[in-house]
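Asker: Protein chains in written order, with this note's numbering: chain A, 97 to 328; chain B, 4 to 254. The beta-carbon is built from N, C-alpha and C at its ideal position, and this holds for glycine as well. Just so it is clear, the structure is predicted and the values come from calculations on it, not from any experiment.
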Ligand SMILES: Nc1ncnc2c1ncn2[C@@H]1O[C@H](COP(=O)(O)OP(=O)(O)O)[C@@H](O)[C@H]1O
Ligand SMILES: [Mg+2]
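(1) Considering only the beta carbon of each residue, do residue 118 (chain B) and residue 56 (chain B) sit closer than 8 Å?
(2) Using a 10 Å radius around the Cβ and a threshold of 16 neighbouring Cβ atoms, would you call residue 53 (chain B) buried or exposed?
(3) Run down chain A in chain order and give the residues with a C-beta less than 7 Å from the C-beta of residue 92 (chain B).
(4) Could you please give the first and the last residue of the uninterrupted beta strand (DSSP E) stretch that includes residue 9 (chain B)?
(5) Where in the segment 114-192 of chain B do unbroken runs of the beta strand (DSSP E), each at least 3 residues long, occur, reported from the N-terminal end onward?
(6) Which chain A residues are close to residue 53 (chain B), counting only those with a beta carbon under 8 Å from its beta carbon?
(7) So if I measure from each beta-carbon to every heavy atom of ligand 1 and keep distances below 5 Å, which residues remain?
(8) If you follow the alpha helix (DSSP H) that residue 223 (chain A) is in, where does it begin and where does it stop?
(9) Taking only the alpha-carbon atoms, compute the straight-line gap between residue 108 (chain B) and residue 76 (chain B) and give it to the nearest angstrom.
(10) Verify whether the separation of the beta carbon atoms of residue 197 (chain A) and residue 319 (chain A) is less than 8 Å.
(11) For residue 197 (chain B), would you say it is in contact with chain A, using Cβ-to-Cβ distances shorter than 8 Å as the test?
(12) Quick check: the Cα distance between residue 255 (chain A) and residue 293 (chain A), rounded to an integer number of angstroms?
(13) For residue 236 (chain B), name the three-state secondary structure that DSSP assigns.
(14) Could you tell me whether the segment 190-205 of chain A touches the segment 112-127 of chain A, using the rule of 3 or more Cβ pairs below 8 Å?
(15) Residues in its own chain within less than 8 Å of residue 170 (chain A) by CB, not counting five upstream and five downstream?
(16) In chain B, which residues lie with their C-beta within 8 Å of the C-beta of residue 241 (chain A)?
(17) In terms of residues, what are the limits of the alpha helix (DSSP H) holding residue 26 (chain B)?
(18) Express the C-alpha separation of residue 135 (chain A) and residue 66 (chain B) in angstroms, rounding to a whole number.
(19) Using a Cβ cut-off of 7 Å, which residues of the segment 237-264 of chain A contact any Cβ in chain B, in chain order?
(20) Quick one: is the Cβ of residue 169 (chain B) within less than 7 Å of any heavy atom of ligand 2?
(21) As an exercise, report each continuous alpha helix (DSSP H) stretch of at least 4 residues that is fully enclosed by the segment 146-176 of chain A, in chain order.
(22) For residue 220 (chain B), does the three-state DSSP call read helix, strand or coil?
(23) Helix, strand or coil: how does DSSP classify residue 71 (chain B) here?
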């Protein structure tokens with residue numbers, strides 16, 4: 097049994113390095129940027145025409161949080177080719193599988209993470225805003241210099257969880273023909289008729305990856321909470 | 004001079020400041036006293052525009068505002084450079100060291116260069132007796148130390164007026180004393196101060212002028228001695244009650 101595991105490892109690991117990790121890392125980075133923008137727009141106090149933009153972002157968050165990830169992947173990869181827009185996309189929108197994956201995973205991460213970030217920002221006491229404003233900071237300065245650094249610490253654990261979740265969710269990319277780790281394990285199992293061994297092997301690889309991430313998370317939490325420790 | 008004229012502030016249906024007209028003199032310490040909920044904090048916070056009254060006029064050392072009209076961002080920032088606020092629960096920035104807390108405003112609001120801002124921050128820390136805490140984080144300080152850092156932070160902005168809202172109410176008596184000493188020192192140096200406090204003994208020491216506020220109105224405004232020697236029944240009753248409060252707090 098072990099030689100089946102060993103012989104499949106190079107292919108699995110290479111799929112992980114080529115697709116699973118890039119999908120997760122790129123989508124998470126883009127998702128975070130999107131999440132921060134979304135959170136800032138949703139907490140902004142501007143009125144008037146800006147309210148429409150706010151509503152659009154609220155709709156976006158609602159949409160991605162209330163539909164299954166796999167359905168989102170199917171719509172973007174299999175569905176959009178049938179979306180014909182005169183002048184813009186006369187032959188439908190056809191995306192590379194990897195591009196479609198990045199788009200969906202980023203948007204999905206952005207929707208969830210924006211709620212995390214918004215909650216973190218709102219958890220910072222009102223006194224912090226007042227103290228910053230009292231020394232003459234603008235709202236933007238207050239946000240970026242006082243509120244967000246504190247909110248980042250608050251949102252680190254839930255965001256780490258989102259990232260770990262995303263690593264596992266990239267296995268759904270196999271359904272849109274991306275040959276990431278899980279897809280490779282399925283292909284090998286179809287050849288060697290060892291589904292139990294193959295799926296356990298790939299499960300172990302995901303587990304190792306996620307465990308490493310948990311360690312990174314604890315380390316980050318330790319350094320970002322240093323300032324909270326009272327002196328002994 | 005800070006001057007308010009007919010200033011009214013309402014929260015919902017509750018009018019908290021009722022046509023307040025008064026002024027706060029330069030190089031003097033004005034102490035605001037009055038029962039809880041009488042509007043002292045609201046009045047103080049209005050001076051820094053943390054509260055926005057809906058009507059009345061405010062002359063902030065030459066910056067003239069009409070509360071009934073829109074106040075621009077520029078005016079708001081100008082007022083906040085003349086006045087600094089010290090809060091009851093300090094509101095230090097927990098993610099920054101003590102030194103960075105003090106440098107934050109000078110560097111990022113006044114755009115001073117870092118070297119001179121740091122030099123001045125250290126001088127101010129020395130002044131409040133906390134030079135050795137420059138690299139500590141706020142969570143590593145006692146309440147009295149934190150409040151002294153907050154005072155240093157406000158001084159770093161070189162404000163004309165420092166507004167303090169019950170700066171020692173959260174402190175144990177011996178820590179309170181550290182803070183009161185710093186404030187007395189500032190008053191002696193003729194820094195203009197406006198202080199809300201329940202500590203009448205401190206008021207007796209530090210005040211030039213007393214404002215007694217009750218139910219959103221100024222019941223008394225005048226020299227410290229006039230207040231403490233007043234024969235007005237309401238004032239006597241208030242002073243008496245506060246002194247008894249102090250006694251029962253100590254038990
Ligand atoms: N943000 C607010 N919203 C509603 N009511 C408030 C608010 N701030 C203060 N008040 C009310 O205004 C009154 C005066 O409050 P405050 O100025 O804090 O009094 P003081 O500082 O003299 O105790 C109180 O009745 C208080 O409940
Ligand atoms: Mg108060």
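Answerer: In this structure, then:
(1) no
(2) buried
(3) 223
(4) 5-14
(5) 164-168
(6) 226, 229 and 230
(7) B:14, B:19, B:39, B:40, B:41, B:42, B:43, B:44 and B:45
(8) 222-230
(9) 17 Å
(10) no
(11) no
(12) 32 Å
(13) helix
(14) yes
(15) 271 and 272
(16) 107 and 111
(17) Not the alpha helix (DSSP H): residue 26 (chain B) falls in the beta strand (DSSP E), residues 17-27.
(18) 36 Å
(19) 237, 241, 242, 245 and 246
(20) yes
(21) 146-161 and 165-170
(22) strand
(23) coil
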